[in-house]
Amino acid sequence: MIREIQEKDFEKVYELGLLLHENFKTTYNLKELTSKDYFHCLVYEEKNQIIGFLVYTDLSEIVDLVDLIVEPKHRKKKVASNLIDTMITNLKPTDKIYLEVAVDNHIAIDLYQKFGFEVIHTREKYYGEKDAYVMERRITE
Ligand SMILES: CC(C)(COP(=O)(O)OP(=O)(O)OC[C@H]1O[C@@H](n2cnc3c(N)ncnc32)[C@H](O)[C@@H]1OP(=O)(O)O)[C@@H](O)C(=O)NCCC(=O)NCCS
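Residue 101 is where the sequence shown starts when you use our numbering, and the numbers rise one by one after that.
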């Protein structure tokens, strides 16, 4: 089941988020952010466990896919694909989605390309020494 985050999920989301970046917990004040209309965190729940989540912000037709992670033992079972599908279903036809991904994260790049995202820009040294691609996907072409 995919649904918006609730307070009871914060701990698990912080735990999973640590796998994405070590300062995840200090970057995200989930209690505060979840009170904002533009902030969304979709969680994937299976057997009462959160096994993945997707964070996006939605402001005036610009949607930023900020974070996406699936617990390692649950990967390759379309959890991320279902999370992206759900986000897209929630969006308006005029929306454009943007994201940044490390240029060597081939798994994520492959996934995003399957969803019609295209590289529109390269941001140099976006992740420390590593470059990032900026990818875009329009809801209606
Ligand atoms: C990227 C990530 C979210 C994918 O989650 P997932 O639930 O395993 O992805 P899905 O099962 O929906 O896979 C969809 C597509 O992604 C690509 N993909 C996923 N895992 C892959 C792998 N191990 N090798 C190659 N391609 C892979 C494939 O194109 C796959 O399509 P296919 O199943 O038809 O081959 C997951 O690997 C992850 O959490 N990685 C670490 C965090 C991260 O990199 N997040 C993105 C930051 S921008």
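Beta carbons are placed, not taken as given, at the ideal position from N, Cα and C, and that holds for glycine. Given the structure is predicted, the values throughout are model-derived calculations rather than measurements.
Closest Cα partner of residue i within the set the options
i	options	result
V219	K225, K230 and R237	R237
H140	H221, E171, E104 and E132	E104
V163	K176, N205, Y233 and I188	I188
G152	D137, T126 and S181	S181
T157	N123, Y128 and E122	Y128
K173	E161, N190, E146 and S160	E146
Close-in-space but distant-in-sequence residues of the same chain around residue i (CB under 7 Å, 5 per side omitted)
i	result
K269	This structure does not reach residue 269, given that the chain is present from 101 up to 241, and the question cannot be answered.
Status (buried if at least 16 other CB within 10 Å, exposed otherwise) for residue i
i	result
M101	exposed
I207	exposed
L183	buried
Residues near residue i by beta carbon distance below 6 Å, same chain, minus five either side
i	result
V155	C141, V166 and D167
D109	V143 and I150
Endpoints, alpha helix (DSSP H) assigned at residue i
i	result
H140	Segment F139 to E146 is the beta strand (DSSP E) holding H140; no alpha helix (DSSP H) there.
T186	V179 to N190
Contacting residues, own chain, Cβ-Cβ under 8 Å from residue i (five flanking each side not counted)
i	result
T222	V203, D231, A232, Y233 and V234
For residue i, the first and last residue of its enclosing beta strand (DSSP E)
i	result
F153	Q149 to L159
Below 8 Å, can you find three or more Cβ-Cβ pairs linking the stretch 113-127 to the stretch 187-199? no
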